[in-house]
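Let me begin by presenting the structure, written as structure tokens, before commenting on it.
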Amino acid sequence: MSARVVPLSYEGQAINFNADGWINATVAAARFDKVPNEWLRLGSTEEYIEKLASRMIESNTGKSRITLVTTRRGNTANSGTWLHPKLAVKFARWLSVDFEIWCDEQIDALVRGDQTKWQQARQQSAVGYRGLCDALAIAYEESGKTPQRHHFINEAKLINQVITGQFAGRNRDELSAHELVLVTLIEIRDVLLIGQGKDFAARKASLLRYVQSLTAKHLRSDAA
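Take a look at the structure:
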């Protein structure tokens, strides 16, 4: 199961999927004041899961076991009970017919079209970070200093801070394509600032203004 969480809006509330079409059943059920175990304990559900798993094993030569339900503990976007896409729509039907139709549409879009777009954005962000590290290394070397590992880590955290407000690392494999594009744009701007000889504090202030301008443009675009 992919680790990348894809939050999608259903009637103004985020429902978490992943890039493979799995749904966070805990988050979805909470929207309807229910919990996944209520559905998973139903006799009809147990029978369906058993027969579905057997059918999938038959069609996947060499596999002796199929995972359709998994639970992740903790307090992150990955936490909760996750259901395989082949279970997700049936589960959604138990919650609401409207939600079932919506889930079917989202899963189809994720499985068919989102992956290529995300992979391209992920590759661009990786190239952007490499360029950022190169620029930082050159700046330190030109000032007679040796760049250390924590310098590159702190620069990555700076990028995250101007976006999220938190000076901390983020797993880019869990970001959406839109978030990855934003990261890449800020990395490119940071390279320019490093080339101008701006110090850490000055880069932070400039990048914060840049993020604000990008956000304002995005809001104007949405309103148009």
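The opening position of the sequence shown corresponds to residue 4 in the numbering used here, with each subsequent residue numbered one higher. Just so you know, even glycine gets a beta-carbon here, dropped at the ideal spot from N, CA and C. From a predicted model like this one, the values you see are computed outputs, not experimental measurements.
Please report the distance separating the alpha-carbon of residue i from that of residue j.
i, j, result
"Ala204", "Leu135", "17 Å"
"Ala33", "Phe20", "15 Å"
"Gln123", "Asn174", "16 Å"
"Cys106", "Ala95", "7 Å"
"Gln169", "Leu178", "15 Å"
"Asn163", "Ile26", "26 Å"
"Ser216", "Thr187", "15 Å"
"Lys93", "Val214", "41 Å"
"Glu108", "Gly200", "49 Å"
"Glu53", "Val8", "27 Å"
"Glu158", "Pro150", "12 Å"
"Ser12", "Ala208", "32 Å"
"Ile69", "Arg115", "22 Å"
"Glu182", "Ala22", "14 Å"
"Glu103", "Ile60", "26 Å"
"Arg125", "Asp176", "8 Å"
"Gly15", "Leu86", "22 Å"
"Leu62", "Asn78", "Residue identity differs from the one stated: residue 62 is Ser in this sequence, not Leu. Taking the straight line from one Cα to the other gives about 36 Å."
"Ala31", "Glu50", "22 Å"
"Arg133", "Lys37", "45 Å"
"Leu43", "Trp97", "11 Å"
"Ala140", "Thr73", "43 Å"
Report buried or exposed for residue i, applying the criterion of at least 16 other Cβ atoms within 10 angstroms of its Cβ.
i, result
"Asp193", "buried"
"Ser128", "buried"
"Arg58", "exposed"
"Thr84", "buried"
"Ala219", "exposed"
"Ile110", "buried"
"Arg212", "exposed"
"Arg152", "exposed"
"Leu45", "exposed"
"Glu41", "exposed"
I'd like to confirm the pairing. Which residues does DSSP put opposite residue i in its beta bridges?
i, result
"Ala260", "For residue 260 there is no data in the structure shown, the boundaries of the chain being 4 and 227."
"Trp85", "Asn27, Thr73"
Are residue i and residue j closer than 8 Å when you measure CB to CB?
i, j, result
"Ala28", "Pro39", "yes"
"Glu190", "Gly147", "no"
"Leu90", "Leu113", "no"
"Lys120", "Ala56", "no"
Can you give the beta carbon distance from residue i to residue j, rounded, assuming they're within the 8 Å contact cut?
i, j, result
"Asp185", "Ile166", "Per the sequence shown, the amino acid found at residue 185 is Leu instead of Asp. Correct: roughly 6 Å between the Cβ atoms."
"Ala142", "Lys160", "Contact doesn't hold; Cβ gap of about 17 Å is too wide."
"Phe35", "Ser99", "6 Å"
Say the cut is 7 Å; is the CB of residue i nearer than that to a heavy atom of the ligand MG?
i, result
"Gly198", "Absence of the ligand MG is noted for the structure shown, with no ligands found whatsoever."
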